[in-house]
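All remarks here apply to the structure that follows.
Residue numbers (my numbering), protein chains in the order written: chain A, 1 to 257; chain B, 1001 to 1267.
Printed below as a string of structure tokens:
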């Protein structure tokens, strides 16, 4: 019963934080607020790019290898391009970016905000009539909404190339890049890429909101900061999986243009 | 000023920032079954330095958090110039600052940016005016050469002074201090006392100081309150504190070391 209450309190608190942050979005940002947005775009986008690139390249390659191994037995290797292309665009690209975001950026957000809360920096902001939702949460939410599409599209492209290289240099697959990209182009539609970007936006938004909320509600000392970071990452990962099911269900019910 | 305002305003002069009075009405606070504040009622006059003393754990810091609206009481209220401190628009009527015990400086910002944060966020003055104001406050507190340093590079005393300077940039009408002289050497404590007294003189700031520093209370306070077990057991002038009638007050202010019957062994 207590766990259900904790979950409901968390949902309510995150919702309130979101509404407060959004209520400040209507004002024209000052140059300082704009600078904070750029900083968050840098942290969320640029610093996450190397690990996204490496992981998605390998995922694309492994996907091609596994599907090549299975498809070889009934001579369907020429369709590997479409399989890797669709899997990366619709599922693995956004999912991997979101998981990396939770582990790398989400944990850092929770640690920073929890530390600020524990050391009374957040209280200091309140006494200065600077709402933490405006200064600490809004730039992060805006930053993730700007950067998730960029990261997801890069993740898709890198994953596709990872698959193409594996297809070319693996003896039992031996599909050349022209064949690979020709089937990829034939079967991967703009809607598939767009749906993946929408999913990434949803995942990224909720990961950042949850991580901010847990950070700002941390009480105690350094031990509690550690617990908060662990909780934020675990909740984010579970949330990504749950949201993945529902967003996929909604998006496949919407017909393509 | 509302946080969402987009136009720029100028800094106020000292004459445009009249001091405010504080009224505490039957303030009580409980955490579960633990009663921390019990029916506190008193007034702080505009421009006054009111020192709230008491042993550790008596509820002084909890009172401060209520006085500035960081926490809601279980019952009772705090009024500043007649406005409830928990009212949404209180900070549009009254500018108030709190000097936290540990400073609560923003560790990721330099000293200059810590001080410039408030005017930048509230769009007070141009960047040139902000620089002038910040440097003026740093100079007032002998911190001119720390502008580019980060809080982690500063000593405890410097951090406290930076915290005071940061509050002053907000042009406060009410300034609350949480243990401003704790963990400081006697000379630095005296310096902080002088700063608090000077600010009242120069800016007519109403000050509520929470402390267990007897010297501070006796030297700069207009009135002193003593909080024990969440109750205000004494309120009066520093002079009257020199010969207190209440034995609890006398024992708190002039504790005798009794090796025959040490306090920690008394039941």
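Glycine residues also receive a C-beta, built at the ideal position from the N, C-alpha and C atoms. Owing to the predicted nature of the structure, the values given are computational and were not obtained by experimental measurement.
* How would you list, in chain order, the residues of chain A whose beta-carbon sits under 7 Å from the beta-carbon of residue 1068 (chain B)? -> Indexing the second chain from 1 puts residue 1068 (chain B) at position 68. By Cβ distance, chain A contributes 127.
* **Completely contained alpha helix (DSSP H) runs for the segment 48-115 of chain A, where each covers 4 or more residues** => 49-72, 80-87 and 93-100
* Which of helix, strand or coil DSSP assigns to residue 16 (chain A) -> Here residue 16 (chain A) corresponds to residue number 16 of the first chain, with the count starting at 1. In the three-state reduction of the DSSP assignment, residue 16 (chain A) falls in the helix class.
* In chain order, what residues of the same chain have a beta carbon less than 7 Å from the beta carbon of residue 225 (chain A), not counting five sequence neighbours either side? -> Taking the first chain and counting its residues from 1, the one referred to as residue 225 (chain A) is at position 225. Excluding residues up to 5 positions away in sequence, 111, 114, 115, 118 and 218 lie with their Cβ nearer than 7 Å to the Cβ of residue 225 (chain A) in the same chain.
* To do: Please confirm if residue 1147 (chain B) has its CB atom under 8 Å from at least one CB of chain A.
  => Here the question's residue 1147 (chain B) lines up with position 147 in the second chain. Not closer than 8 Å to any Cβ of chain A, the Cβ of residue 1147 (chain B) fails to qualify, so no.
* Quick one: list the residues of chain A neighbouring residue 1098 (chain B), beta-carbon separation under 7 Å, in chain order. => Here residue 1098 (chain B) is taken as the residue at index 98 of the second chain, counted from 1. What residue 1098 (chain B) touches in chain A: 127.
* Please name the residues in the segment 130-164 of chain A whose beta-carbon is closer than 9 Å to at least one beta-carbon of chain B, in chain order. => 130, 131, 134 and 135
* To do: Please specify which runs of the beta strand (DSSP E), each continuous and at least 3 residues long, are wholly inside the segment 1079-1135 of chain B, giving them in chain order.
  => 1096-1099
* **Cβ neighbour criterion (16 or more within 10 Å) applied to residue 46 (chain A)** => For the purposes of this step, residue 46 (chain A) is taken as the residue at position 46 of the first chain. Exposed is the call here.
* **Nearest to residue 1055 (chain B) (by Cα), restricted to the options B:1118, B:1076, B:1251 and B:1043** => The residue given as residue 1055 (chain B) occupies position 55 in the second chain. Taking only the C-alpha atoms, the option nearest residue 1055 (chain B) is B:1251.
* Asked: Which residues in the same chain have their Cβ closer than 7 Å to the Cβ of residue 55 (chain A), if we skip the five residues on either side of it in sequence?
  -> In the first chain, the residue the question calls residue 55 (chain A) occupies position 55. Setting aside the 5 residues that flank it on each side, residue 55 (chain A) is surrounded in the same chain by 96 and 100, each with a C-beta closer than 7 Å to its C-beta; the list follows chain order.
* Asked: What number of angstroms, rounded off, separates the C-alpha of residue 146 (chain A) from the C-alpha of residue 41 (chain A)?
  -> As a working mapping, residue 146 (chain A) is identified with position 146 in the first chain. As a working mapping, residue 41 (chain A) is identified with position 41 in the first chain. Going by the C-alpha atoms only, they are around 7 Å apart.
* To do: Pull out every residue of the segment 68-101 of chain A whose Cβ sits closer than 9 Å to any Cβ of chain B, in chain order.
  => none
* Asked: Looking at residue 1079 (chain B) and residue 1059 (chain B), is the spacing between their C-beta atoms short of 8 Å?
  -> Numbered from 1 along the second chain, position 59 holds the residue referred to as residue 1059 (chain B). Numbered from 1 along the second chain, position 79 holds the residue referred to as residue 1079 (chain B). No, the Cβ-Cβ distance between residue 1059 (chain B) and residue 1079 (chain B) is not below 8 Å.
* **Positions along the segment 32-56 of chain A whose CB lies within less than 9 Å of some CB in chain B** => Answer in chain order: 32 and 33.
* Under 9 Å by beta carbon: chain A residues contacting residue 1203 (chain B) -> Residue numbering aside, residue 1203 (chain B) sits at position 203 when the second chain is read from its first letter. Within chain A, no residue comes near residue 1203 (chain B); the closest Cβ sits about 17 Å away, beyond 9 Å.
* To do: Answer yes or no: does any C-beta atom of chain B fall closer than 8 Å to that of residue 111 (chain A)?
  => Translated into positions along the first chain, residue 111 (chain A) becomes position 111. Taking Cβ atoms only, chain B never reaches closer than 8 Å to residue 111 (chain A), which makes this a no.
* Could you check the C-alpha separation between residue 1157 (chain B) and residue 1137 (chain B) for me, to the nearest Å? => By one-based count along the second chain, residue 1157 (chain B) stands at place 157. By one-based count along the second chain, residue 1137 (chain B) stands at place 137. Taking the straight line joining both Cα atoms gives about 16 Å.
* Asked: Can you give the Cα-Cα distance for residue 1086 (chain B) and residue 52 (chain A), rounded to whole angstroms?
  -> Working through the second chain from its first residue, we reach residue 1086 (chain B) at position 86. Working through the first chain from its first residue, we reach residue 52 (chain A) at position 52. Approximately 46 Å between the Cα atoms of the pair.
* **chain A contact for residue 1177 (chain B) (CB, 8 Å cutoff)** => As a first step, residue 1177 (chain B) is located in the second chain; it is residue number 177 there, counting from the start. Chain A, which has no Cβ nearer than 8 Å to the Cβ of residue 1177 (chain B), makes this no.
* Any C-beta of chain A sitting closer than 8 Å to the C-beta of residue 1091 (chain B)? -> Locating residue 1091 (chain B) in the second chain gives position 91, counting from the first residue. For residue 1091 (chain B), the answer is yes, since a Cβ of chain A falls inside 8 Å of its Cβ.
* Asked: Tell me which same chain residues have a C-beta within less than 7 Å of the C-beta of residue 1200 (chain B), skipping the five on either side of it?
  -> Here residue 1200 (chain B) is taken as the residue at index 200 of the second chain, counted from 1. 1047, 1049 and 1207, listed in sequence order.
* Are the beta-carbon atoms belonging to residue 148 (chain A) and residue 201 (chain A) less than 8 Å from one another? -> As a first step, residue 148 (chain A) is located in the first chain; it is residue number 148 there, counting from the start. As a first step, residue 201 (chain A) is located in the first chain; it is residue number 201 there, counting from the start. It is a contact, given that the beta carbons lie within the stated cut-off.
* Asked: Between the segment 1120-1136 of chain B and chain E, which residues of the former have CB atoms less than 8 Å from a CB of the latter, in chain order?
  -> Of the chains in the structure shown, none is chain E; the protein chains are A and B.
* To do: Return yes when the Cβ of residue 57 (chain A) is within less than 8 Å of the Cβ of residue 158 (chain A), no when it is not.
  => For this step, residue 158 (chain A) is matched to residue 158 along the first chain. For this step, residue 57 (chain A) is matched to residue 57 along the first chain. Yes, they are a contact pair.
* Is there a Cβ from chain A that is less than 8 Å from the Cβ of residue 1170 (chain B)? -> What you label residue 1170 (chain B) is simply residue 170 of the second chain in a count that begins at 1. Yes, because at least one Cβ of chain A sits closer than 8 Å to the Cβ of residue 1170 (chain B).
* Counted within 10 angstroms of its Cβ, other Cβ atoms place residue 1 (chain A) as buried (16 or more) or exposed -> The residue given as residue 1 (chain A) occupies position 1 in the first chain. Exposed is the call here.
* With DSSP as the reference, label residue 1077 (chain B) as helix, strand or coil. => For this step, residue 1077 (chain B) is matched to residue 77 along the second chain. Here residue 1077 (chain B) sits in strand by DSSP.
* To do: Confirm, please, whether the CB-CB distance from residue 105 (chain A) to residue 48 (chain A) is below 8 Å.
  => Stepping through the first chain from its first residue, residue 48 (chain A) is reached at position 48. Stepping through the first chain from its first residue, residue 105 (chain A) is reached at position 105. Yes.
* Could you round the C-beta distance between residue 213 (chain A) and residue 17 (chain A) to whole angstroms and report it? I think they count as a contact, below 8 Å. => If you number the first chain from 1, residue 213 (chain A) lands on position 213. If you number the first chain from 1, residue 17 (chain A) lands on position 17. Confirmed, Cβ separation roughly 5 Å.
* **Neighbour list for residue 1106 (chain B) in chain A, Cβ cutoff strictly below 7 Å** => Taking the first residue of the second chain as 1, we reach residue 1106 (chain B) at position 106. Within 7 Å Cβ-Cβ: 121.
* Asked: How would you label residue 1004 (chain B), buried or exposed, when you count the other beta carbons within 10 angstroms and need 16 or more for buried?
  -> Taking the first residue of the second chain as position 1, residue 1004 (chain B) is located at position 4. Interpretation of residue 1004 (chain B) is limited by its pLDDT of 45, a score under 50 that renders its predicted location unreliable; no figure is taken from the coordinates.
* Hey, quick one: how far does the beta strand (DSSP E) through residue 188 (chain A) stretch, first residue to last? -> Working through the first chain from its first residue, we reach residue 188 (chain A) at position 188. Per DSSP, residue 188 (chain A) belongs to no beta strand (DSSP E) and is neither H nor E.
* Asked: Based on the DSSP secondary-structure assignment, which residues constitute the bridge partners of residue 1231 (chain B)?
  -> Taking the second chain and counting its residues from 1, one reaches residue 1231 (chain B) at position 231. Bridge partners of residue 1231 (chain B): B:1228.
* With 16 other Cβ atoms within 10 Å as the buried cut-off, status of residue 1183 (chain B) -> Taking the second chain and counting its residues from 1, the one referred to as residue 1183 (chain B) is at position 183. The residue in question, residue 1183 (chain B), is exposed, as its Cβ has fewer than 16 Cβ neighbours within 10 Å.
* To do: State whether the segment 1164-1172 of chain B contacts the segment 1107-1116 of chain B, with contact taken as three or more CB pairs (one from each stretch) at a distance under 8 Å.
  => By the Cβ rule, the segment 1164-1172 of chain B counts as touching the segment 1107-1116 of chain B, because three or more pairs are nearer than 8 Å.
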